[in-house]
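Top line first, the protein sequences correspond to chains A and B. With this note's numbering applied, the first sequence covers 1 to 558. With this note's numbering applied, the second sequence covers 1001 to 1558. A virtual CB, placed ideally from N, CA and C, is assigned to each residue, including glycine. Just so we're clear, the structure is a prediction, and the values are computed from it rather than from any experiment. The next block holds one structure in the form of structure tokens; read it before the comments.
There are 2 protein chains.
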Amino acid sequence: MTTTKKNAAPLKIIPLGGLDGIGKNMTVFECGSDMVLVDAGLMFPDDSQPGIDLVLPDYTYVLENEDKLRGIIITHGHEDHTGSLPYLLQDLNNKVPIFSSKLTLGFVEGKLSEFRIRAPKFREVNDGSHITLGCMTIDFFSMTHSIPGALGVFIKTPQGTVLHTGDFKLDQTPIDGVRPNYGAITRFAKSGIDLLLSDSTNATVPGFTKSEAEVGPSLYEVIKNAKGRVFVASFSSHIHRLQQICNAARACRRKIVVTGRSMLTNTRVARELGYLDIEEKDLIDAYELSGVPDRQVLVMCTGSQGEPLSALSRMANGEHKTLSIHEGDTVIISATPVPGNEKAVQQVINSLAKLGCDVYDKSRRLVHVSGHGSQEELKLMLAMTHPSYFMPVHGEAVHLRAHAGLARKMGIPDERIFIMDNGDTLEMRDGKVKRGRSVESGVVYVDGLRIGDTDPIVLRDRQKLANDGMVTIVATMSQKHKRIEGVELSARGVSFTIDDEFTADATDAILKMVEKGSFNFTSSGTDALRKAVRDSISNFIWNRTKTRPMIIPVVMEV
Amino acid sequence: MTTTKKNAAPLKIIPLGGLDGIGKNMTVFECGSDMVLVDAGLMFPDDSQPGIDLVLPDYTYVLENEDKLRGIIITHGHEDHTGSLPYLLQDLNNKVPIFSSKLTLGFVEGKLSEFRIRAPKFREVNDGSHITLGCMTIDFFSMTHSIPGALGVFIKTPQGTVLHTGDFKLDQTPIDGVRPNYGAITRFAKSGIDLLLSDSTNATVPGFTKSEAEVGPSLYEVIKNAKGRVFVASFSSHIHRLQQICNAARACRRKIVVTGRSMLTNTRVARELGYLDIEEKDLIDAYELSGVPDRQVLVMCTGSQGEPLSALSRMANGEHKTLSIHEGDTVIISATPVPGNEKAVQQVINSLAKLGCDVYDKSRRLVHVSGHGSQEELKLMLAMTHPSYFMPVHGEAVHLRAHAGLARKMGIPDERIFIMDNGDTLEMRDGKVKRGRSVESGVVYVDGLRIGDTDPIVLRDRQKLANDGMVTIVATMSQKHKRIEGVELSARGVSFTIDDEFTADATDAILKMVEKGSFNFTSSGTDALRKAVRDSISNFIWNRTKTRPMIIPVVMEV
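Right, here's the structure in full:
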């Protein structure tokens, strides 16, 4: 079993993100004066966060303990595991080494250079790598996921051991032949795993996730039978999918057009690092397509922020600068909609159907499989690791609870299963785990330049503006004559028209309010007048239109 | 075959709604001086229509031809088939008879009375009813759908015949025993169906939709094994589902609490009309629950506008006035999310999971089935009716095209299949169908009191306001001194703070712009100054914050 020290500092395991939804994964492992961070991801905003560009985990705790930070481990190159790195690195005073696989570091390097972060301390690790960070040692083992170079970690500390799966599925036939390292996992299990952290994304899905290799033949079949051009939309980091698309294109004697910024960047990096095999002669630039028959063209496209359909939507609507989709073309959606985007995706599919395209998505052919393990894989992982304690990670509340249910079925008693919130702490002493005190946590919004905790009031205001529009009212008040001299109204996003009659009636309504004595020019201040003006115009608009736009009152004294 | 007159007016078939998505179904049948309307529905708005309450089809064509309108036929009582009736009836000058089944008329009556529309000309029809409206005769036949009293219609005109299925599935074991009238359908087919209009909602779904009767045993199983209270969320118009929920509750000796306005109204109407069988002794009021053990309570809930989860969400968050959901309760979502609401539904499920509830939805047990026929049912309908021409209705572009594909497989040649847009016209003469000239069509938004074609700019402005917030800038200009005297800023929904320093810098920026001579106080007008102020503050904010809020410039002359 593990070496332990009685009465020494416990090992603290602190998830700062990843437990309130799929995204912004970040977990602290802290033991005495040493700290290691596993993943530094971001999340993309949803409808309840209008206008927000990105959502980061609040990593104040990491900054406050920077002197302890020995290294950052990135399990794989998806943005929900890497995306907050540029922000975190800028906020840290010292250069901290970043450990990950070659491809992950390649993707991260591109992102850091966009932020002008120079010469990060990259340390490439692989399946079998063993490193020491302070009092902790870390063993890396290969896992399969929807991106190559995914790694799990086994962390050994003076207080006990933790195995963190990272995101994974158990793919017996991965495209690059790099299987999950079952040998390593069972070896760690034999030496004793005190705590397992395991990916919960698909914990509500029964069965075993299909292998990535099963997608290839379906893609080939659809591409082979296509009469016009073929457009394939996918995630730009899904190198194995892209490899299979390119293989099918080559087999069907189609030239490949790569389009979209992230698709161009990621295919370039993956080719340079040897993860993606496309020959130069199989590629063609979109500008050189004239004269090439439709039957010899395949377009591989994506959009920004993991949304593979924005480029497709632009091409369908004739808004793309070099490519457009026509009747007779075939479109393959080799991806799944990001939650919350289902309707937008359906709208793109409808536009394509109206154009007369043949659209294939996963409901019609096996052109997409998940990168996360389903219930049988999660149980298999629990069986192979047989941990003493279990903490489901990476998922929404319903996924974490479903994963806990699987662990219960596998014989782990309830009191050894920890369903945590971000910022909650587990403490391990001598292999025994209990809850500790929570630390500061939460989310940080990126909106334009600003990085900070955008006030919830700002988001509420934005939703109110979106639903009801706004009216600016400028009331000119004469201090000398103690009266309102004039009213000017302007509105946006309202469904009524403000004409002279409307303004005249509104002015009357405000003057009446003043006459009724609810406002006193002598004793009340400008703030009171502003409030009175706002209330009276709001009531006037409600009575006239049965709508309640946001009112911005401005009082000018003349 | 049908009686036909050469050289007489054609039969025009004009869909005014229902072909651009699931909702606002409305189809005109016009032959010479006679017109019949089938359905008058509405659609609920989506994210791209912020702040809109309802979407109606533009029925200008009906109003312009009111003198021909002999009757309105409603196929069933869902709001996407009945919801624009109150608006249409108010816009018509005369009282037009409305034909439908007893339950549909019961539901419509409640809605019309909310609009204070008194004594509508209701004409109850049933399976087998035969009516004459001008030169047209209409035969009604029963169909199965997710609401009782659904009817299809067979329309006979001097120019030929049309069969309109309405919304349907082919349920061999409906809860009320009222099967689709296959005998009538094949009889019409034998007499000759020139044109078929058929429901396309599930045209992309393979197989045969499961019977409503299969839901009952699953509901019973879950309710029987529940330890605490059971909450079932469903659609309030789905009377057969409610019947099965109540049967299961009774079998498990649970009292039934009915909550939510539409659920209370619809169960009352359905019980009065004999469509729903619940005994008074099995019901209990939410206020009388104290003292009743949790194991003896079942709550049947819904929200407004066909959204069964709003009440559930309030109960989970402690915002419901009489009921709250606790750890140990079981929640059954006996419904499917309205498209676009998938993420909101997932959030409710997460809240419930966090509370410690056991949540069942259709991914976990058979607690919901669709009310629309899948591909095998649609092909069966085509086989039974063997029409000369076919027009798929009720669906998005992708559904209409998939349905057309099924018709092609069934042997209907491409040139006899019409994929139409709202406002397109088919003309039938002597049983032959071709496209005619399109009529005015589109959508009408209901937003507060106003009913009109809310300007697309309004919706764009609302989305801009939601994404970027807004800044009002009031610049005071002295005509006498030819200069800007002061600037006042106020903002909403922006992520930066406007303090004195910000305002001072912004004022400087505007004054600089003026000094640079891009604006001339003597020769330019107020509009030009307003534009100059807007541009300069917009640039200032972009440079400072990298955001672009909407700018509302107001120039006051003093």
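Item checked: Assigned exposure category for Q172/A - 16 Cβ within 10 Å defines buried -> exposed
Notebook entry, point to check: Going along the segment 150 to 170 of chain A in order, which residues come within less than 9 Å of chain B, judged by CB to CB distance?
Noted result: none
Note to self: Which residues of the segment 1468 to 1493 of chain B have a Cβ closer than 8 Å to any Cβ of chain A? Give them in chain order.
What the structure shows: D1468, G1469, M1470, T1472, V1474, T1476, E1488, S1490, R1492 and G1493
Notebook entry, point to check: If the cut is a Cβ gap below 7 Å, which residues of chain B does L350/A touch?
Noted result: The displayed chain sequence assigns Asn, not Leu, to residue 350/A. What N350/A touches in chain B: E1396, A1397 and V1398.
Next item on the list: Go to Y1360/B, then tell me how far its beta strand (DSSP E) extends in each direction, as first and last residue.
Entry: D1358 to Y1360
Item checked: Reduced DSSP secondary structure (H/G/I, E/B, other) of T1336/B -> coil
Note to self: Against chain B, with Cβ distances strictly below 7 Å, would I13/A count as a contact?
What the structure shows: no
Checklist line | G110/A in three-state terms, based on DSSP | finding: helix
Checklist line | Strand pairing of D139/A, partner residues [DSSP] | finding: H130/A and F154/A
Notebook entry, point to check: Could you check where the beta strand (DSSP E) with D447/A kicks off and where it finishes?
Noted result: V443 to D447
Check: Are there 16 or more other CB atoms within 10 angstroms of the CB of N1543/B, so buried, or fewer, so exposed?
Finding: exposed
Margin query: Using C-beta distances below 7 Å, list every residue in its chain close to A189/A, excluding the 5 sequence neighbours before and after it, in chain order.
Written below: M384, T385 and H386
Next item on the list: Check each candidate in R1250/B, D1361/B and V1269/B and name the one with the smallest Cα separation from V205/A.
Entry: D1361/B
Check: Does G340/A get closer than 7 Å to chain B when you measure Cβ to Cβ?
Finding: yes
Notebook entry, point to check: Looking at the unbroken alpha helix (DSSP H) that takes in F1208/B, where does it start and where does it end?
Noted result: No alpha helix (DSSP H) holds F1208/B; DSSP gives it neither H nor E.
Item checked: Ranges of the beta strand (DSSP E) found wholly within the segment 183 to 253 of chain A, counting only runs of at least 3 -> 195 to 199 and 230 to 233
Next item on the list: Work out the CA separation of A311/A and H320/A for me, nearest whole Å.
Entry: 7 Å
Margin query: Using a Cβ-Cβ distance cut-off of 7 Å, determine whether M1556/B contacts chain A.
Written below: yes
Notebook entry, point to check: alpha helix (DSSP H) containing Y1061/B: first to last residue?
Noted result: T1060 to E1064
Margin query: From the DSSP secondary-structure annotation, give me the bridge partner or partners of Y1389/B.
Written below: L1195/B
Check: Is K1068/B helix, strand or coil by DSSP?
Finding: helix
Item checked: DSSP three-state assignment for F44/A, whether helix, strand or coil -> coil
Notebook entry, point to check: Does the pairing of the segment 1041 to 1055 of chain B with the segment 1106 to 1120 of chain B give three or more beta-carbon distances under 8 Å?
Noted result: no
Next item on the list: Would you verify that the beta carbon of A404/A is, or is not, closer than 7 Å to some beta carbon of chain B?
Entry: no
Item checked: Three-way DSSP call (helix, strand, coil) for S1304/B in this model -> Because the pLDDT at S1304/B is just 40, under 50, the model does not fix this residue reliably, and the value given afterwards should be weighed accordingly. Here S1304/B sits in coil by DSSP.
Next item on the list: Specify, as a first and last residue, the run of the beta strand (DSSP E) that R460/A falls within.
Entry: R460/A -> not in any beta strand (DSSP E); alpha helix (DSSP H) instead, spanning P456 to D468.
Check: Taking the alpha carbon of S1191/B as the point to measure from, which residue in D1139/B, L1459/B, I1419/B and V1215/B has its own alpha carbon closest?
Finding: D1139/B
Note to self: Here's the rule I'm using: 16 or more other beta-carbon atoms within 10 Å means buried, otherwise exposed. How should T497/A be labelled?
What the structure shows: exposed
Check: For R492/A, which three-state DSSP category applies?
Finding: strand
Check: When Cβ atoms are compared, which residues of the segment 29 to 61 of chain A fall closer than 7 Å to chain B?
Finding: D46, D47, P50 and G51
Next item on the list: Could you name each continuous beta strand (DSSP E) segment of 3 residues or more that falls completely within the segment 1341 to 1375 of chain B, going from the start of the chain to the end?
Entry: 1358 to 1360
Item checked: Supposed contact pair S1490/B and V458/A - C-beta distance, whole angstroms, cut 8 Å -> The pair is not a contact, with the Cβ atoms about 14 Å apart (cut-off 8 Å).
Next item on the list: Quick one: grab the DSSP three-state call for K1039/B.
Entry: Note that residue 1039/B is Asp in the sequence shown here, rather than Lys. Here D1039/B sits in coil by DSSP.
Next item on the list: Answer with yes or no whether the minimum CB distance from L1019/B to chain A is below 7 Å.
Entry: no
Margin query: Assuming T161/A and F154/A are in contact, meaning their beta carbons sit under 8 Å apart, how far apart are those beta carbons, in whole angstroms?
Written below: 7 Å
Margin query: Applying the 10 Å Cβ sphere with the 16-neighbour rule, what's the burial state of R460/A?
Written below: exposed
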